[in-house]
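Number of protein chains: 2
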Amino acid sequence: MTCSPQHLAEQIRQKGFRLTRQRMAILTVLDEAGQHLCRTEIYARIAPGLTEPTVYRNLDFLVEQDLVRVTHTGNGRLEYELARHPHHHLQCRVCGAKMELDANALQAFFNGLENSTGYRLSENHITLMGVCPNCKFKGD
Amino acid sequence: MTCSPQHLAEQIRQKGFRLTRQRMAILTVLDEAGQHLCRTEIYARIAPGLTEPTVYRNLDFLVEQDLVRVTHTGNGRLEYELARHPHHHLQCRVCGAKMELDANALQAFFNGLENSTGYRLSENHITLMGVCPNCKFKGD
DNA sequence: ATCCTTATTGCAATAAGTTACAATAAAAAG
DNA sequence: CTTTTTATTGTAACTTATTGCAATAAGGAT
């Protein structure tokens, strides 16, 4: 896997930044979780010895460096995960179930928008809200 | 205009909720701003006498009732505006310029996703990030 | 291995946001 | 108009997030 914590750590060095135990700890937590976590969850899971400002600042840093991806969920919170394969999310606003949308599924749409607006679209990890088939059925 | 503060206020009553001066004050601030505002900005602009919990709770309430629309911007903050015509935003991550995307421009894309996923997509006000033509030119 | 440089961290103070619950007031009924 | 009901608000305590700055330690140089 090209996105192990070790690999990401190496990228921090290559970009000319310092690899600290604090940054390593955050990457490890995200790796072991294997899913989106919000800031407080990350802070809670991390081994004692890191302060909140450090954790939050480093999350911002890792996002800026494209080593961690951030998305906003239905509840308005930001959630973080290691930047593995690009994807988006579709979340049910009733039961909260989430499904991944492959980035390719949105590519054509993004291309069309680039043509019509002149913008270059980049690094959008979006979470769309909807109602899943299950809850839709119950609702009817 | 079908979305004046007065009209929205009337809808609150029609839905069986109470029209309080606090709710009216929030709608008025959003109306007079005529643009997205984040929570702290709204709280700052509002006439004295409203408390933070009241402002924030009512923003949540108004969003739930579809009278106010919320979107997440590039900086991770949530921004609010009166629910006028449905649209989305495209924001330049370099200079911050924003442009509106008409909801119709995304309709075909949403329809396709509904077919392939089985989800019903509802009330997504999304903000896509990109680089505007201007900044793209300077960058090259 | 030791010394430098300065990016990064921790601390302390502050600001922003949340929660639980008692007090208030909007709207309906008499 | 007065009373009643209960949705809504304000208060106070608490949790989470941010900021400025001095102390620390990562990584390059000697």
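Same order as they appear, the protein sequences are chains A and B. Counting along the first sequence from 1, when you hit position 102 you're at 105 in this note's numbering, and nothing is skipped either side. Counting along the second sequence from 1, when you hit position 137 you're at 140 in this note's numbering, and nothing is skipped either side. Think of the CB as a built atom: it goes at the ideal place given N, C-alpha and C, for glycine as much as any other residue.
* Tell me R123(B)'s beta-bridge partners as DSSP assigns them. => V134(A)
* Could you check if T74(A) is buried or exposed, using at least 16 other CB atoms within 10 Å of its CB as the buried criterion? => buried
* Mind the definition here: the segment 84-100 of chain B touches the segment 79-90 of chain A only if three or more C-beta pairs lie below 8 Å; say whether that holds. => no
* Selection from T130(B), H128(B) and G121(B) that minimises the alpha carbon distance to R140(A) -> This sequence places Phe at residue 140(A); Arg is not what is there. It is G121(B) whose Cα lies nearest to the Cα of F140(A).
* **Close-in-space but distant-in-sequence residues of the same chain around N61(A) (CB under 7 Å, 5 per side omitted)** => Q25, R26 and I29
* Look up R1(A) in the DSSP assignment and say whether it is helix, strand or coil. => The question about residue 1(A) has no answer here: the residues shown for chain A are numbered 4 through 143.
* To do: Could you tell me which of E117(A), N107(A) and I15(A) sits nearest to L70(A), measuring between CA atoms?
  => I15(A)
* To do: Report yes if the CB atom of V32(B) is closer than 8 Å to the CB atom of R42(B), and no otherwise.
  => no
* To do: Hey, could you find the ends of the alpha helix (DSSP H) L33(B) is sitting in?
  => R24 to A36
* Starting from the beta carbon of V134(B), find every residue of chain A whose beta carbon is closer than 9 Å, and list them in chain order. => Y122, R123, L124 and S125
* To do: Using a Cβ cut-off of 8 Å (strictly closer), state whether K101(B) contacts chain A.
  => no
* To do: Pick out whichever of F20(B), H91(B) and R72(B) has its Cα sitting closest to the Cα of C6(B).
  => R72(B)
* **Near-chain A residues of the segment 78-101 of chain B - C-beta to any C-beta below 8 Å** => G79, L81, L93, C95 and R96
* **Near-chain A residues of the segment 64-77 of chain B (beta-carbon distance less than 7 Å), N- to C-terminal order** => H75
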